[in-house]
Amino acid sequence: MELALVVLVVAVALAFDYTNGFHDAANAIATSVSTRALTPRTALLMAAVFNLVGALLGEGVAQTIGSGIIAPPGGRHGLVIVLAGLFGAIAWNLITWWLGLPSSSSHALIGGLMGAGLASATQVQWAVILDKVIIPMIVSPLAGFSLAFLLMVGILWLFRRANAHKVQRRFRIAQTVSAAAMALGHGLQDAQKTMGVIVLALVAGGYHTGDSIPLWVKASAAIAISLGTYSGGWRIMRTLGRRVIELDPARGFAAETVAASVLYTTAFVFKAPISTTHTITSAIMGVGATKRLSAVRWGVAGNILTAWVLTIPMAGLFAAGMYQVWRFFLE
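Residue numbers (the working numbering): 799 to 1129.
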């Protein structure tokens, strides 16, 4: 029974990773496509490749998810808890994807695990959640907005006397690099979260010890998120690339560069699972504010903020409900 549940949890985790791909991976390429720096097909292929590379670069975020959010018991009970958390995250991902809202798959997963943990009276590690989730959730968008605003101000000052057409053409080329960096950061952050859940399931089922990540787990998570990217990120891409603000290549470059830098710093230095959605969206708002504050469509931004606030509790509620359904398999 445990082996069948482990296989099921791994399959559902990869399904979540796939939904993460078409829900979140557009974050990596939306600005480049909207500014026509890259064609959609080229951008998707590049994102898939760099997601794969990024997923193989580290394990810090995966270890935080795999051992730092909840401590489920071993055996069937622990596997059902993890399974319920995944279903909660997938449900919220699908709802916000359908609405075209770039909410956080990372926080959906964390909220799902927390909700399933609370419903099952499993230990929830609140100190780690505060340090690795709540504080970064607040700080990363503020950092993304502020740093992107400052970088864009510097770019505007540096090229203030240059020919505008030539400058934008050069930044369109530079966006190829910044988009690749963003895709790498997305793989580094988001693919690792699924790896952590799979390892959590393997440990609960007695098929793995410790928090190291097997190579097959890394590869399967990276492939799943890449396939998801190719399949359907266009709804959210339109929101990020055009509805928040009309981007030009220079602003797209600045937003991607800052967002990628924040993703790398939190992954390698703090091992914190931050949201790529929060980071790139706030950076887009930051570069947009250099035009004028009214250039940012704050109504759209408000809808995105609402989705951010609701993500953890709603995914948690869905997961708690799924646990109540799945617990009958324990009896």
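Here a beta-carbon is modelled for each residue, glycine too, at the ideal position from N, C-alpha and C.
If the criterion is Cβ atoms closer than 8 Å, does the pair A1117 and G886 meet it? Going by beta carbons, A1117 and G886 fall inside the 8 Å limit.
Compute the distance between the beta-carbons of A1022 and V1056, then report whether it is under 8 Å. Not a contact, by the Cβ cut-off of 8 Å.
How is the alpha helix (DSSP H) around S1073 delimited, first residue to last? If you look at S1073, you'll find it isn't in any alpha helix (DSSP H); DSSP assigns it neither H nor E.
Among A802, G1084, L812, nearest to M950 - alpha-carbon criterion: Closest option to M950, Cα to Cα, is G1084.
Local Cβ density within 10 Å of N849, reported as buried at 16 or more and exposed below that: With 16 or more other Cβ atoms within 10 Å, it is buried.
Closer than 6 Å by C-beta to R968: which residues in its own chain qualify, once you throw out the five before and the five after it? Chain order, please. Result list for R968: empty, nothing under 6 Å.
For Q921, which of L907, I868, V975 has the nearest alpha-carbon? Just measuring C-alpha positions, the residue of L907, I868, V975 sitting nearest Q921 is I868.
Please state whether DSSP places A1087 in a helix, a strand or coil. A1087 falls in the coil class under three-state DSSP.
Assuming V851 and G1003 make a contact with CB atoms under 8 Å, what is their CB distance in whole Å? Here V851 is actually not in contact with G1003; their C-beta atoms are around 29 Å apart, not less than 8 Å.
Could you tell me the alpha carbon to alpha carbon distance between R958 and G952, rounded to whole angstroms? Roughly 10 Å separates the two Cα atoms.
Got a sec? Which residues, its chain only, sit under 7 Å from G1039 by beta carbon, not counting five neighbours each side? Interpretation of G1039 is limited by its pLDDT of 44, a score under 50 that renders its predicted location unreliable; the figure taken from the coordinates is listed afterwards. So the qualifying residues of the chain are A828, T829, V831, S832, L1045.
I827: first and last residue of the uninterrupted alpha helix (DSSP H) it sits in: In the DSSP assignment, I827 falls outside any alpha helix (DSSP H) and carries neither an H nor an E.
Are the Cβ atoms of T894 and A1070 separated by less than 8 Å? In this structure, A1070 does not lie closer than 8 Å to T894 by Cβ.
Could you compute how far the alpha carbon of A941 sits from the alpha carbon of E800? Straight-line measurement puts the Cα of E800 at about 44 Å from the Cα of A941.
Please return the same chain residues whose Cβ sits closer than 6 Å to the Cβ of V860, not counting the five positions on each side in sequence. A small fix is needed here, since residue 860 is Ala in this sequence, not Val. Within its own chain, the residues whose Cβ lies closer than 6 Å to the Cβ of A860, once the five positions on either side in sequence are excluded, are Q990, M993, G994, I1011, listed in chain order.
Output the boundary residues of the alpha helix (DSSP H) element that contains S904. Run containing S904: 903-917, per the alpha helix (DSSP H) assignment.
Establish whether the CB of R1049 and some CB of chain B are separated by less than 8 Å. Chain labels in this structure do not include chain B; a single protein chain is all it has.
Go ahead and label P939 buried or exposed: buried means 16 or more other beta carbons lie within 10 angstroms of its beta carbon, across all protein chains shown. With 16 or more Cβ atoms within 10 Å of its Cβ, P939 is classed as buried.
Where the alpha helix (DSSP H) through V951 begins and ends: Here the alpha helix (DSSP H) through V951 covers 933-956.
Taking the alpha-carbon positions, what's the H1006 to V1015 distance? Looking at the two C-alpha atoms, the distance is approximately 12 Å.
Distance, Cα to Cα, A999 vs T974? When rounded, the distance between both Cα atoms is 38 Å.
Buried or exposed: P802, going by 16 or more other Cβ atoms within 10 Å of its Cβ? According to the sequence as given, residue 802 is Ala; it is not Pro. In the assembly as shown, A802 is an exposed residue. Its beta-carbon has fewer than 16 other beta-carbons within 10 Å.
For M935, which of W1124, F1126, R1125, I1110 has the nearest alpha-carbon? Minimum Cα distance to M935 is reached at I1110.
DSSP three-state assignment for Q923, whether helix, strand or coil: Q923 falls in the coil class under three-state DSSP.
Are the beta-carbon atoms belonging to T817 and I888 less than 8 Å from one another? A distance below 8 Å separates the beta carbons of T817 and I888.
Relative to the C-alpha of A813, which residue among I996, P871, W924 is closest? It is I996.
Among residues of its own chain, excluding the 5 on either side of L916, which ones have a beta-carbon nearer than 8 Å to its beta-carbon? The beta carbon of L916 is closer than 8 Å to those of V922, G1114, A1118 in its chain, skipping five residues each way along the sequence.
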